[in-house]
Each structure stands twice: as C-alpha cells, then as structure tokens.
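Engineer: Residue numbers (the working numbering), protein chains in the order written: chain A, 191 to 581; chain B, 381 to 546; chain C, 315 to 536. Supplied in structure tokens, the structure appears directly below.
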Amino acid sequence: MVSTLDQIFVLLKHWLVGLLPSVLQPAAGVLLSVVAIVCVFPALFALTVLLERKGLGRMQNRLGPNRVGPFGILQPIADAIKSLTKEDIVPLRADALIHFLAPLVLVVAVFLEFAVVPMGRNMVLVDMDASLLFFFSIGASTELSVFMAGWSSRNKYSLMGAMRAVAQMISYEVPLLMSSVAVVMITGSLSLVKIVEAQNQYTYGLPHWNIFTPWGCAGFVMFAIAATAETNRSPFDLPEGESELVAGYFTEYSGFKFALFFLGEYLGMFSISGLGTALFLGGWSAPFSFLWWVPSWIWFFGKVMLSICVLIWVRGTLPRLRQDQLMNFAWKFVLPMTLLNLVDVALWRFLGEGWLRWVVCSAVMLVAYVAAALTGLRRDHIGPRSYRYAE
Amino acid sequence: MNLVFYVLAGLTVLGGLAAVLLKNTVHCALALTVAFAGLALLFLELDAQFAGFAQILVYIGAVAILVVFAILLTRGSETPEDGVFSHTWLAGLAVAAAVFAVLGWAVIQSAPALTHESAAPVVTVNQIGNALLGRYVLPLEIVALLLTAALVGAVIVAMHEKEETK
Amino acid sequence: MLGEGILKGLAETARNAVGSFVSKDRLTTVEYPEERLPLPEASRNFPFLVYDGTDWEKGLRCVACQICEKECPPKCIYIDKSKDKKPDAFGRPQIYPAKFDIDISVCMSCQICVEVCPFEAIKMDTQYELSTDDRFGGLLLDRKELAKSNEYYHQIHPTEASEVDAKLAAEKVKADAKAKAAAGAAAAKAAAAAAAPKPAEAAAKPVVLADAPAAKPQGEGD
Ligand code: SF4
Ligand code: SF4
Numbered sequence: 191m192v193s194t195l196d197q198i199f200v201l202l203k204h205w206l207v208g209l210l211p212s213v214l215q216p217a218a219g220v221l222l223s224v225v226a227i228v229c230v231f232p233a234l235f236a237l238t239v240l241l242e243r244k245g246l247g248r249m250q251n252r253l254g255p256n257r258v259g260p261f262g263i264l265q266p267i268a269d270a271i272k273s274l275t276k277e278d279i280v281p282l283r284a285d286a287l288i289h290f291l292a293p294l295v296l297v298v299a300v301f302l303e304f305a306v307v308p309m310g311r312n313m314v315l316v317d318m319d320a321s322l323l324f325f326f327s328i329g330a331s332t333e334l335s336v337f338m339a340g341w342s343s344r345n346k347y348s349l350m351g352a353m354r355a356v357a358q359m360i361s362y363e364v365p366l367l368m369s370s371v372a373v374v375m376i377t378g379s380l381s382l383v384k385i386v387e388a389q390n391q392y393t394y395g396l397p398h399w400n401i402f403t404p405w406g407c408a409g410f411v412m413f414a415i416a417a418t419a420e421t422n423r424s425p426f427d428l429p430e431g432e433s434e435l436v437a438g439y440f441t442e443y444s445g446f447k448f449a450l451f452f453l454g455e456y457l458g459m460f461s462i463s464g465l466g467t468a469l470f471l472g473g474w475s476a477p478f479s480f481l482w483w484v485p486s487w488i489w490f491f492g493k494v495m496l497s498i499c500v501l502i503w504v505r506g507t508l509p510r511l512r513q514d515q516l517m518n519f520a521w522k523f524v525l526p527m528t529l530l531n532l533v534d535v536a537l538w539r540f541l542g543e544g545w546l547r548w549v550v551c552s553a554v555m556l557v558a559y560v561a562a563a564l565t566g567l568r569r570d571h572i573g574p575r576s577y578r579y580a581e
Numbered sequence: 381m382n383l384v385f386y387v388l389a390g391l392t393v394l395g396g397l398a399a400v401l402l403k404n405t406v407h408c409a410l411a412l413t414v415a416f417a418g419l420a421l422l423f424l425e426l427d428a429q430f431a432g433f434a435q436i437l438v439y440i441g442a443v444a445i446l447v448v449f450a451i452l453l454t455r456g457s458e459t460p461e462d463g464v465f466s467h468t469w470l471a472g473l474a475v476a477a478a479v480f481a482v483l484g485w486a487v488i489q490s491a492p493a494l495t496h497e498s499a500a501p502v503v504t505v506n507q508i509g510n511a512l513l514g515r516y517v518l519p520l521e522i523v524a525l526l527l528t529a530a531l532v533g534a535v536i537v538a539m540h541e542k543e544e545t546k
Numbered sequence: 315m316l317g318e319g320i321l322k323g324l325a326e327t328a329r330n331a332v333g334s335f336v337s338k339d340r341l342t343t344v345e346y347p348e349e350r351l352p353l354p355e356a357s358r359n360f361p362f363l364v365y366d367g368t369d370w371e372k373g374l375r376c377v378a379c380q381i382c383e384k385e386c387p388p389k390c391i392y393i394d395k396s397k398d399k400k401p402d403a404f405g406r407p408q409i410y411p412a413k414f415d416i417d418i419s420v421c422m423s424c425q426i427c428v429e430v431c432p433f434e435a436i437k438m439d440t441q442y443e444l445s446t447d448d449r450f451g452g453l454l455l456d457r458k459e460l461a462k463s464n465e466y467y468h469q470i471h472p473t474e475a476s477e478v479d480a481k482l483a484a485e486k487v488k489a490d491a492k493a494k495a496a497a498g499a500a501a502a503k504a505a506a507a508a509a510a511p512k513p514a515e516a517a518a519k520p521v522v523l524a525d526a527p528a529a530k531p532q533g534e535g536d
C-alpha cells in the first residue's frame, strides 16, 4: 500500500502506456512525463504567484488579493485571462523575429531543466550520467534569451536590464557551479539521481543530507545566494528593478509574451529550488527515518515549496542591492567562499570517517566566516560609492 | 549517418554561414550561437554527453555572451555603411582555408585508424574526469595556468584604468 | 556578526506576517468598497456648480460671465450664455448659462475656476467614484450633472461653505441697503421731477437705477 502510494505516478504512467501498442510505448512514456511536467509546474506557478502576493501583503501588513473567489484563490485564473486577452504589442523598431523568439527560448530552456530533476523515487524524466552538467548548460542558455529580449526591444531600459541580467547571471553562475561541485566531489557522480540516493541513508534516524555537514551547510548558503541571483529575485532583482528600469528586459512585452516571461521566471525558481533540494536537502528522502511511509514526491514538492516560501520571505524583507555591491558580493565574497568550501570538501573526503573531520571542517568554515566578517565585508572597506561622472 | 545527423549538420552549417554573411553584428552573434548549438547537438547525437553539455555551457553560456557583450560595449551593433566585408577579407579567406585544410587533413588521416574499432566505447563522465586528472593532468594544469594568467591580466587592466581616472 | 542584519529583518517581516492575522490594528489598509477612510475636509477633485434653494435650474449662482472658462488652464469649461434673463436667487433678472459643460477627463483639479469666480458659483467637489463605461460622453458633465445644492456644499466643506454663506449674506444686506437708498433717492428725484415737463422720461428712470446697483456690489465683493 505504502509503496503503491509512493510510486503511484510511476504505476499510473506504466498502466497508461501499457494500453498502447508496444511500438508506441517508449515515445508515449516520454510524452506522458513531459505532459505531466508541463501541466504540474505551471499550475504550481499559478499557486505560487498568489502565495507570493498574499505573503508579501501580509509581510507589509496588508491583506493581499482577496476579491476573486473565496480568499482570492481564483486570482491566478483572472490574471491568466487578462494576460491572454491583452493586445500583443511589438515596438515598431523592434527586431520582430528575435523579439518573438526570446520568450520561447526562455520557457523551453526552463522546461528542459526539469527533465533531470528527480521528483520522487523513480520519478525523473531522464536519468543521465551528466545530469548536473545538463542542468547548468541549459541554465546558461537562458541568459541568451534574456539578452535577446533586451536587445531586440530597442528600448534603453530593456537593453540596460538585459546587460545587468546577463552580467549578474554570469557572475553568480560561477559560485552556483562551485557550490554544486562540492556535492559532486563527495558523491562522485554528476547524476542527480545518484546524488539523492547517496543522501537517502539514516544514522540514528537522522538523514545523511548534505546540508547537515559543515561544508554542505556553507555550500547551501552559497548556493541559495547564487540561486537567488540567478533567478533575478530580490534582493538581486536589479535587472527588473521596477523603480529604475520599468520592468528590465521585458519592458516591451505585453500580453501572452509577458506571461511567458513571468512563467519562465517562476519556473526557473522551481527548477533551481528542485536542484538545491536534490543537492543539499536530500531530494525526495524523508527528514526522519520513521517518516519513511510518506510518499517521496510529497517530500520533494514540500521541500521545493518551502524553498519558494523562503524566497518570498527574503523578497519581502531585503532591499535591492546596488550594481557595484552586487558584483563585489559575487566576486569578493561568495566566490572565494565557495572555493574555500571546495578545499573543505577535499579535507572532509580525505580525513575519513570519524569526529576529526567534523571538527576540522567546521573550524575551517567558521574561521573563514569570522575572517570575512572582520575584514572583507566591513562597511568602511566597501565604502561609499564615488560617482566619477555624476559630479 | 541518419536524418538527424543531416538536419543537425545543416543547422550548424547554416548558422555558421549566417554568422559570416548577415549584416547586423548582433544577428551574426546569434547565428553563431545557433551553430554552436548545432555542434553541441551533434556531440549529443554521438552519445558524447559530456562534450555536448560542455559545449553548450562554455560556448553558448559564456562565449556567445562574451561576443555579444563585446559587440554592445564597442558600439558595433549598428550595421556598417561600407558593407560587411572588411578590406582584408582575402587574407581572412586564406587563413580560414588554411585552418580548414589542416583540420580536414587531420580528419582524413585519422579516419582509417578509427574504422578498425567495431563500436564506439561508452565513455562515462567518470572516465573523462579520471583521464583529465590522471593521464592528461599536465596539459590541464597548463591550460589552467594560462587562463589564470589571462584572468590576472584582465584584472590588472581593469585596475589600471581605475587608478588613472581617480 | 555577518548576516545579523538580514536575520533581524527576516524576523521583523515574519512578525508582520503573523501579526497581521492576529491583530486587526496592524493592517494599514481598509477594504475599500465596503469600508472607506474619511476624506479630509480640504480634499478636492473636480468642480461643481452651487445652487441655492431647491430648484437647481432656478437657483444656480452662475451668471455665465465666462471668467472661469477663460482662466481654466486646460480649457475644459464650455459655456453658452443665455439669450434671455431670468431671476437669480435674489430675485434679480440675470443672464444664466444655457450650456455649462466641464470635461473632467481634461480637468486637472487646479481649482483656478473656483478662485476666479466672482459669484461663488463654482466649487470643488470631493466625489471620486466617477468611472464610466462611456469613453467619450461619460466624463463630459453638463450643467445638470454639475449642479449641487448649497446644503451639499455644507456637507463636504462645512467651514468653507459657512464662510461663503456669511460673505454672501453680508453682501446681500449691503446690496439691499444700497438698493433701498437708491430707490429712496430715485423716489425723491421722481417726486421732484414730477413737476417737470417730461413725465415719461422720469417714469422710466427709477427702473434703470434700481437695476444697476443690484449687480454692482457683488462685482466689488471679490
Ligand atoms: S479645476 Fe482647473 S482645470 Fe478644472 S475646470 Fe477648474 S480651472 Fe479648469
Ligand atoms: S466664473 Fe463663476 S459665474 Fe462666471 S461663468 Fe464661471 S462659474 Fe459662472
């Protein structure tokens, strides 16, 4: 019973595919999974937008949307109808083809990312050897779509937003990769399925999640920072800072294309939360061994939604960074820390089992943290910005 | 040699041609990206996952973006008035032909050596990693050194400018 | 410690999020159509025409002098003078606006029309729920839609309206006194002229005299 519930989607798929003639079965299986992903995540997107609007409202002592349907739960449907029926405007001087392609490239790329994220026991679309690499390589191509959108609009706000976005994504991709490499070094595999399985072990009922190790904890913090920046979320939302750039690279988009960008952004959040969950939070494994009977996909989606909630919480709290602060933070703090974390992981690996590695690795990261607090990030060190051209 | 190969090869060649022939520099850069993507897909079609994804990550994620940045920062996105061909196109053609000749020669020379193997071996990422850090560690380190030197150089250039303007 | 400020901020927003469910006082907004915040007395948006008495058409204070039409910066007032005259609130025959339209989609709520009106005839309204589904005519208000009673004026701007009323009353007293004096003088003159050889001319004169001072003090009033 328990295992049936755990595998219910897999069994459902097998049953549905089994109804077809055997020639079609492989293709149908893949198609079915794709359809599931393409349905589930946009639905989750609709839910998250509502959650975000209500959550942000509450954090600012407001009520948030509560008019459409009971407690406003039909708001996403109203939003969808609105964005679908709006006029699609392409600026006169825009590069029409690229302007059209940009949102498509973004959404397709982001959907592809879900292909390798394990969403439950045996629930992954493609279990390939290099799935982590796949994820990052697809993630890298979203930058291009952002650039395409910004450049083809022929609008200075769009272009400026695109330049900011690309610069930011490149800068934070390095720490993102580096903090993930730490996990790869321990697991010895680029396959997300293997990485999750390696974390699905328990000692005294507690899981072997990577976040519960000194290097994993530090790595997770770095990963979370970099992931927030990668998805252009506040406090790293300079590319679409409303108060400065209207809407950044998608200023000139309206109607359905705008909705696609919006969707792409939230799907990016989901996929990167899924990745973080798989790398550090044990993917679909239960947080305590006695909770083994809860279906694995519930854990996965629960953890993803929890990460999303934290992202919303952070958005409701932190003000936007300035461009130079953003770059300084990436290159002078996050990147060195992730490099150090790699050394820490190597130590962890070669010190072998036992308490020694816990002490040494924790000490290394703590010392680095204190040192960073005392020197690198002191206020006077960064200092007020001198405006070279403005005066 | 199946349909997929021909489609991908066509895509790659078309992308490459467009990158050379299009008028707008940004369009050229995007066409170049298409060529990169086609090449990556060709690698994937040959079951070389690591090479394919690395191609996407490095070439689309970094090189294409770098090219685009360079174009925008040098105000090159406007179409030049005097056509897309520079004055030295003959020399460029000669260099391109020479590179093509060398590559073609290398491919033709190595082709007989490959046909002896019955099937392509399955290479996992693990094996690539081991090879890189085992047998080929010296080239890897040399490349790493080169890149670090380039990085330091870039930083020095950037810092120099800042001091001047102060 | 590094990151301490971030944690403090997170705690603050978490307090807000939970607190807004617990105590209603925390909520900074009201649920608008059901609940409204009271408007401050000085609030204003678009002009309206004041009338005295009960019949809006008879009681309009506006005499179609067209000063406001000329002064309105975006030129959104359109006035047609009447051909005939009819008695105003004081019972004196006056020109009245046959057409008085304000296009509130153009009006910028500057209140200049109110400042320049010598007859206290146009005032600022506080009504803000003016949305309409008619894109062209819906926001072009004619004199019937613009006419609001003096009592309404008292409701929305009590202090200002009382001041205006006091001023108008004072003017009326003054005007009446002057009219009476003029009438007395005219009567005396008429009595003196009765002996004169041209009775027809003298009989016509008091009417003119009685008419002229009635309009004059109001003009001086501003
Ligand atoms: S408030 Fe200003 S803009 Fe509006 S009608 Fe009066 S003078 Fe014109
Ligand atoms: S200034 Fe006053 S009296 Fe003259 S037309 Fe305007 S509202 Fe009427």
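Don't be surprised by glycine CBs; every beta carbon is placed ideally from N, CA and C. The structure presented is a predicted model; accordingly, all values stated were derived computationally and were not measured.
Answer with buried or exposed for A/W474, where buried requires no fewer than 16 other C-beta atoms within 10 angstroms of its C-beta.
Structural biologist: By the 10 Å Cβ count, A/W474 comes out buried.
Engineer: Along the beta strand (DSSP E) that carries C/Y365, what are the first and last residues, could you check?
Structural biologist: Run containing C/Y365: P361 to Y365, per the beta strand (DSSP E) assignment.
Engineer: Under the three-state reduction of DSSP, which class applies to C/L455: helix, strand or coil?
Structural biologist: Correct three-state label for C/L455: strand.
Engineer: So with Cβ pairs under 9 Å, would you call C/S334 a contact of chain A?
Structural biologist: So yes, C/S334 belongs to the interface.
Engineer: Using a Cβ cut-off of 9 Å, pull out every chain A residue sitting near C/R542, in sequence order please.
Structural biologist: Residue 542 of chain C is absent from the model: chain C starts at 315 and stops at 536.
Engineer: Identify every run of the beta strand (DSSP E) within the stretch 400-451 of chain C, keeping only runs that are complete inside it and at least 3 residues long; order them along the chain.
Structural biologist: With a minimum length of 3 residues, the continuous beta strand (DSSP E) runs that stay inside the stretch 400-451 of chain C are 411-417 and 436-438.
Engineer: One question on the structure: do A/S645 and A/I502 come within less than 9 Å of each other, judged by their Cβ atoms?
Structural biologist: Residue coverage of chain A in this structure runs from 191 to 581, which leaves residue 645 of chain A outside it and unanswerable.
Engineer: What's the gap between the Cα of A/I514 and the Cα of C/L324?
Structural biologist: Before going further, note that residue 514 of chain A is Asp rather than Ile in the sequence given. Rounded to whole angstroms, A/D514 to C/L324 spans 24 Å at the Cα level.
Engineer: Can you tell me whether C/K338 is buried or exposed? The criterion is at least 16 other CB atoms within 10 Å of its CB, across all chains shown.
Structural biologist: That one is exposed.
Engineer: Quick one, are the C-beta atoms of C/C386 and C/F433 less than 9 Å apart?
Structural biologist: Against a cut-off of 9 Å, the Cβ pair of C/F433 and C/C386 comes out as no contact.
Engineer: For the alpha helix (DSSP H) containing A/D534, name the first residue and the last one.
Structural biologist: Looking at the DSSP string, the run of the alpha helix (DSSP H) that includes A/D534 is L525 to L541.
Engineer: Using the three-state DSSP reduction, which class does A/S463 fall into: helix, strand or coil?
Structural biologist: Three-state DSSP puts A/S463 in a helix.
Engineer: Check whether the stretch 530-543 of chain A and the stretch 441-451 of chain A are in contact - that is, three or more C-beta pairs closer than 8 Å.
Structural biologist: The stretch 530-543 of chain A, when compared against the stretch 441-451 of chain A, does not touch it at the 8 Å Cβ threshold.
Engineer: Could you pull out every residue in the same chain whose Cβ sits closer than 8 Å to the Cβ of C/Q532, ignoring the five residues on either side in sequence?
Structural biologist: Low confidence applies to C/Q532: its pLDDT is 44, below 50, so where it sits in the model is not reliable, and the reading given next is rough at best. These residues qualify, in order along the chain: P432, F433, E485 and A489.
Engineer: Can you find a heavy atom of ligand 3 that lies under 8 Å from the Cβ of C/V430?
Structural biologist: Judged by which ligands are present, ligand 3 is missing from the structure shown, whose ligands are ligand 1 and ligand 2.
Engineer: Can you tell me where the beta strand (DSSP E) holding C/I391 begins and where it ends?
Structural biologist: That run of the beta strand (DSSP E) goes I391 to K395.
Engineer: Comparing the CB of C/C382 with every heavy atom of ligand 2, is any distance shorter than 8 Å?
Structural biologist: Yes; taking the cut-off as 8 Å, the Cβ of C/C382 has a heavy atom of ligand 2 nearer than that.
Engineer: Give me the DSSP bridge partner(s) of C/K368.
Structural biologist: For the record, residue 368 of chain C in the displayed sequence is Thr; it is not Lys. Answer is none; C/T368 lacks a bridge partner.
Engineer: Would the beta-carbon of C/M422 fall within 9 Å of that of C/H471?
Structural biologist: Cβ atoms of C/M422 and C/H471: not closer than 9 Å.
Engineer: Of the choices A/W545, A/V220, A/V192 and A/P211, whose alpha-carbon is the least far from that of A/K203?
Structural biologist: When each option's Cα is compared against that of A/K203, the closest is A/V220.
Engineer: From C/P527 to C/T446, what does the alpha carbon distance come to, in whole angstroms?
Structural biologist: Residue confidence is low: C/P527 scores 44 on pLDDT, short of 50, so the model does not pin down where it sits. Its coordinate-derived value is still stated next. Approximately 45 Å between the Cα atoms of the pair.
Engineer: Over the uninterrupted beta strand (DSSP E) stretch that includes C/A461, give me the two end residues.
Structural biologist: A461 to S463 is the span of the beta strand (DSSP E), which, as asked, contains C/A461.
Engineer: Measure the C-alpha to C-alpha separation of A/L322 and A/A355 and round it to an integer number of angstroms.
Structural biologist: About 23 Å.
Engineer: Count the other C-beta atoms from every protein chain shown that fall within 10 angstroms of the C-beta of C/E515, then say buried if there are 16 or more, exposed otherwise.
Structural biologist: Note that C/E515 has pLDDT 48, beneath the 50 cutoff, so the model's placement of it is unreliable and the number below is only indicative. Flag for C/E515 reads exposed.
Engineer: Leaving out five residues on either side along the sequence, give the residues of the same chain with a beta carbon under 8 Å from the beta carbon of C/A435.
Structural biologist: The answer, listed in chain order, is L363, V364, L374, R375, C376 and V377.
Engineer: Considering only residues of the same chain and omitting the five flanking positions on each side of C/P513, which have a CB-CB separation below 7 Å?
Structural biologist: Only weak support is given to the placement of C/P513: the predicted model assigns it a pLDDT of 47, under 50, and the value that follows is read from those uncertain coordinates. Nothing listed; no residue qualifies.
Engineer: Residue range of the alpha helix (DSSP H) that A/R505 falls in?
Structural biologist: Where A/R505 is concerned, the enclosing alpha helix (DSSP H) stretches over S486 to T507.
Engineer: Can you tell me whether A/E333 is buried or exposed? The criterion is at least 16 other CB atoms within 10 Å of its CB, across all chains shown.
Structural biologist: Answer is buried; the Cβ neighbour count reaches 16.
Engineer: Could you compute how far the alpha carbon of A/V316 sits from the alpha carbon of C/K322?
Structural biologist: Going from the Cα of A/V316 to the Cα of C/K322 covers about 42 Å.
Engineer: If you measure from the beta carbon of A/Y362 to each beta carbon in chain C, is any gap under 9 Å?
Structural biologist: It does not: the Cβ of A/Y362 has no partner Cβ on chain C nearer than 9 Å.
Engineer: Taking buried to mean at least 16 other C-beta atoms within 10 Å of its own C-beta, is B/W485 buried or exposed?
Structural biologist: Exposed, since its Cβ has fewer than 16 Cβ neighbours within 10 Å.
Engineer: I'd like to know if the stretch 345-362 of chain A and the stretch 428-436 of chain A are in contact, where contact means that at least 3 CB-CB pairs between them fall below 8 Å.
Structural biologist: Counting Cβ pairs under 8 Å, three or more are found: they touch.
Engineer: Just to confirm before moving on: does the CB-CB distance between B/I436 and B/A415 stay below 9 Å?
Structural biologist: Contact: no.
Engineer: Run the CB neighbour count on C/E345, radius 10 Å, all protein chains shown included, and call it buried at 16 or more, exposed below.
Structural biologist: C/E345 should be labelled exposed.
Engineer: Using a Cβ-Cβ cut-off of 9 Å, state whether C/E443 counts as contacting chain A.
Structural biologist: Output row for C/E443: interface = no.
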